Structures are given as structure tokens and as C-alpha cells.
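Residue numbering for the sequence shown follows my numbering, beginning at 410 and increasing consecutively. Working notes, beginning with the structure itself.
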Amino acid sequence: MSDMLTLEKFEEASELVKKVTSETKLIYSEYLSTQTGNKVYLKPENMQLTGAYKLRGAYYKISTLSDEEREKGLITASAGNHAQGVAYAAKKYGVKAVIVMPTSTPLMKVNRTKGYGAEVILKGDVYDEACEYAYQLADEKGYTFIHPFDDLAVATGQGTIAMEIFKELPLVDMILVPIGGGGLATGVSTLAKLLNPKIKVIGVEPAGANCMQESLKAGDVVTLPGVNTIADGTAVKTPGKNIFPYIRDNIDEIITVPDEELVVSFLDVVENHKMIVENSGLLAVAALRHLDVRNKRIVSILSGGNMDIITMSSVVQQGLIFRDRIFTVSVLLPDKPGELVKVSEVIAAQSGNVIKLEHNQFISINRSAAVELRITLETFGTDHKNQIVKALEDKGYQPKQVRTNI
């Protein structure tokens, strides 16, 4: 479909996707603007009906098919967001959708996809195996395959996000866009450059899944030996071959973000904007602190918000630890009555809140000389933590910070 990714097609797609998308108006972030010295706006695609931007590309792609292609039934492979996008779009067109998902897919995502009327098949341990099986079924049963990212029509649909950004903020200087396989980044960057060749479009990848960065370095699509990131929506080993030339021409730079920064960004967005954003969507928030610019109008695309409760709980706990809002300290005490009370009084005087105690009598051969007490505390942050540690030192204890296990 060589006629895709033109201004005319983007305009057509922008009108069509309005039938299925929610209005995700830009949110000005006072907190992130103050933190970075820029004017930061968030594009909250996590608030879409299916919880992610993927609905745009799926619906537009299906609109470009012939009646015959649609009536054959649609098939795709996905671990979540694209699955729900295709399922919902197929329901709107009244056609069958088969979604192959890895066996490790969270039950919430499986049930949501089924809830839109799709047939779900669990196959393979990872996306690549699910995708291989989906292609096999497409060949056997004549289904029409809808690729999650390596399709120019899908990328055109995703690019409608840029059209909306420009309508709301015509003088935008920079757009930060997450990259997994590259479909979203292709659509957004291509349209952004058509509308304003001077705009900067920065791609953001997890440090443990930087397939596009490595491909751009090599000058061609490369496959990573493996991926390791909590940003499951962008955990892709091989970017799209069809869309790669557009990324190469239109993405100005790629920033990689370690998982630890996504955890802290989750807390930033929850506390300051009361929104749940999945780890892949947080890439464009975490990347703000990697930019060496000031006083620019920047839009961060929050690509999705489909995070299961167990993952959310883990991210919150880790975020509190990274921010020193929870920490664990080890002190040695004589094993005699009253010693625990003395330590408690020191902590209480500094307004520390004890949430767990571990008492180990076997740290030393002579337990009357020393037993270990591990204290896990809630604090207001790094300064408060340091204040408590200093108070313990002043009382003659020799506190050592140790790994926190909540």
C-alpha cells in the first residue's frame, strides 16, 4: 500500500477513527514542567475505550480492506493492546476476529479481548511464537492478518494522534513517542514532519529492548538476541521491516530508559495526575529527564494504561523503595531487655514509621554481645531517611542500609 502515509491518508484516517476513539485532550503537567524546565503536555491514550492507542490503527486498517477480505475473518497475534483494538474494531464492522495470545498473557487481557466478541487462542510462550501460529492459521483458514505494527495502513491510523496534537498545540516543538515494533512512532513522526519539518520527534525504548536503536545503528532491521524489560508492550526483538525506512527518515533521536525510571515515573503520574499508565506508556514520561532542552513545548504520548493489579502493586512498592519512601536499616544490639525500646524511641523522635521488624539472634557466636535488628521504615523521602540514619549514628548505633524486601 504505497499510497499510505500521505497527508491525504492521514486526514482520511483522522476522520474515520473518530467513530471509535475517545477524545484524549492534552493535559498540561505543572509537575513535569517544573521538574524539567519545559512546558510538558501529556497525550493520554491510556484513556481510550480499549485502554490504548492501538484501536486507531486496527480500525483504520480494517476500513481499508475489501468486504471480501473482512468477511473471511480477521486474525492477529498480540499480548494485549493490539488484541483489544482488533477485537473491538472487528465488532464494530460485524466481522469475526481470532486473536492468538501467548499462554503467559494476564487473564485480565484475555477476558477483555473475549469481551469484545473475539475468539482467543492461547499458544506459545512469547509473542513471536503466537505470531507464527497466527500466520499458520491465516494460511490454513484464509483469515486476513492484521499486523500489530509492520503495516503502513496500521501506522497511518496510529499517526492520527499527531493530527490531534497539532490541532490543540500548533506550536509544539517536540513529541516523545514510545517505540516497540515502531508502528506508532512511524505514523506520528511521518505526519508530524509533514505538518512541520522543523519539529523534533524523539523515539523512546526500554534499555532492555532497544531493537530500533540497534537497527538504526546498523542501517537495517536487526533482531535482538533477547529482551528484558518490565515494559511488556514494547518488549520487541525485531522492529518492522516495512516501516523502518519511515523511522530512519523521521525520528530525530532515540532515547533508552532503564526499568527503574519507569517505576518512579509511574508514581509521578499517579500522584500528580491520578492516572494509571502502563510501563510502555511511561517511556515518554521518563525520557523527559534525558532531554537537554529548556523552555520547549513538549508532548509525551502515554500510549496505554492496561496494567494488571498485581503488576501495579509491585511497581508501587518498588517506586517507594527507589524514592527512599521505604527503606531498611540494620543495627546490632546487645541481646537484653529494653534495647528494642531504645531504638524505637530514636526512630519515633524523628517521625519514622516502622512497618516491619526482623530479629536475628544468629548473626554472632556470642549473642549477648550482638543480635541483628532489621527495621523497615516509611519516610517522607531521602532527606528524612538520612535524618533517621544520622539520629541512630548519634546514639552510638552503626546503621547499615540493606535491601528492602516488603
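Beta carbons are placed, not taken as given, at the ideal position from N, Cα and C, and that holds for glycine. Just so it is clear, the structure is predicted and the values come from calculations on it, not from any experiment.
Residue range of the beta strand (DSSP E) that includes residue i
{"i": "Q727", "result": "First-last for Q727: 718-731, but that is the alpha helix (DSSP H), not the beta strand (DSSP E)."}
{"i": "I772", "result": "Neither: I772 is in no beta strand (DSSP E) and is coded neither H nor E."}
{"i": "V449", "result": "448-453"}
{"i": "L711", "result": "706-711"}
{"i": "I530", "result": "528-531"}
{"i": "T445", "result": "Run containing T445: none in the beta strand (DSSP E); it sits in the alpha helix (DSSP H), 439-445."}
Which residues DSSP lists as bridging residue i, in chain order
{"i": "M413", "result": "For M413, which the question treats as bridged, DSSP gives no partner whatsoever."}
{"i": "L742", "result": "V780"}
{"i": "Q493", "result": "BP columns for Q493 are empty, so no partner."}
{"i": "Y820", "result": "The structure shown does not extend to residue 820, since the chain spans only 410 to 815, so no value can be given for it."}
{"i": "L603", "result": "Paired residues: none, contrary to the question."}
{"i": "V507", "result": "I484, E528"}
{"i": "E767", "result": "R783"}
{"i": "K609", "result": "M583"}
{"i": "A461", "result": "G713"}
{"i": "T737", "result": "T785, V811"}
Distance, residue j Cα to residue i Cα
{"i": "P746", "j": "N795", "result": "28 angstroms"}
{"i": "L578", "j": "G592", "result": "23 angstroms"}
{"i": "Q810", "j": "Y450", "result": "38 angstroms"}
{"i": "Q727", "j": "V672", "result": "7 angstroms"}
{"i": "S722", "j": "V740", "result": "29 angstroms"}
{"i": "I663", "j": "Y525", "result": "35 angstroms"}
{"i": "T638", "j": "G596", "result": "24 angstroms"}
{"i": "L458", "j": "F675", "result": "21 angstroms"}
{"i": "A779", "j": "M510", "result": "55 angstroms"}
{"i": "T543", "j": "I484", "result": "For the sequence presented, residue 543 should be read as Ala rather than Thr. Distance between the alpha carbons of A543 and I484 is about 7 angstroms."}
{"i": "M456", "j": "K607", "result": "29 angstroms"}
{"i": "M410", "j": "K646", "result": "Residue placement at M410 is flagged as unreliable, the pLDDT there being 43, under the threshold of 50; the coordinate-derived value follows with that caveat. If I take the Cα positions, the gap works out to 25 angstroms."}
{"i": "I611", "j": "E573", "result": "18 angstroms"}
Buried or exposed (CB count within 10 angstroms, at least 16 for buried), residue i
{"i": "A695", "result": "buried"}
{"i": "E687", "result": "buried"}
{"i": "N651", "result": "buried"}
{"i": "R657", "result": "exposed"}
{"i": "H768", "result": "exposed"}
{"i": "D677", "result": "buried"}
{"i": "D560", "result": "buried"}
{"i": "D641", "result": "buried"}
{"i": "R465", "result": "buried"}
{"i": "Y468", "result": "buried"}
{"i": "F419", "result": "buried"}
{"i": "K448", "result": "buried"}
The alpha helix (DSSP H) enclosing residue i, as first and last residue numbers
{"i": "V679", "result": "668-682"}
{"i": "M621", "result": "620-627"}
{"i": "E802", "result": "791-803"}
{"i": "Q567", "result": "561-567"}
{"i": "E754", "result": "748-758"}
{"i": "T643", "result": "T643 -> no alpha helix (DSSP H), and no H or E assigned at all."}
{"i": "V811", "result": "Where V811 is concerned, there is no enclosing alpha helix (DSSP H), although the beta strand (DSSP E) it sits in stretches over 809-811."}
Distance between beta carbons of residue j and residue i, contact taken as under 8 angstroms
{"i": "I784", "j": "T813", "result": "Not a contact, Cβ separation roughly 11 angstroms."}
{"i": "V586", "j": "I710", "result": "5 angstroms"}
Below-8 angstroms beta-carbon distance, residue i vs any chain C residue
{"i": "K650", "result": "Reference to chain C is not applicable here, since this structure consists of a single protein chain."}
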